[in-house]
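Numbering (the numbering used here), first residue to last: 954 to 1096. A virtual CB, placed ideally from N, CA and C, is assigned to each residue, including glycine.
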Amino acid sequence: MDASTPDITYRLGNDIDLDAFIELYRASTLGERRPIDNRRTMAAMLAHGNLTVSAWHGERLVGIARSLTDFAYVAYLSDLAVHADYQRLGIGVALISRTRAAMGPDSTIILLAAPAAVDYYPRIGFTHHPQAWVLRARDSFPA
């Protein structure tokens, strides 16, 4: 099975069952860095991403690309998750491709790579940008 076979279908939109969403994160390496035990936060993440592309094997959610975008200039691809049983089949590339297609023709995708994916993104065409900055909720910030 590969991502181009009819076995994998893709959907646009965030009408996804919360339990299936959480299970996908748990079954991918992304679950290690997301609050999968906090249903309220996970529900908000699912509800408020304004560009969500999902991959399905029958009725099973096997992949997701969840982005925040203005559909004209930039998109922050906050989550790219593929179920461990479905990795290395081209599903991640297909999810990103469909995300790009839904954005404006001049839009740029920006993401923060998970440690396990640092070598993945250059292989599929992303370029490294060394000027990224992160301010986490627990970090101090002058008021």
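- Here Tyr1026 has Gly1057, Asp1059, Ser1060, Thr1061 as same chain residues with Cβ atoms under 8 Å from its own Cβ, once five neighbours each way along the sequence are excluded.
- Cβ neighbours of Arg986 within its own chain (closer than 8 Å, five residues either side excluded): Ala1067.
- Beta-bridge partners assigned by DSSP to Arg1091: none are found.
- Fewer than three beta-carbon pairs drawn from the region 1075-1082 and the region 1030-1044 are found closer than 8 Å, and the two stretches are therefore not classed as touching.
- In the three-state reduction of the DSSP assignment, Ala1028 falls in the strand class, which pools E and B.
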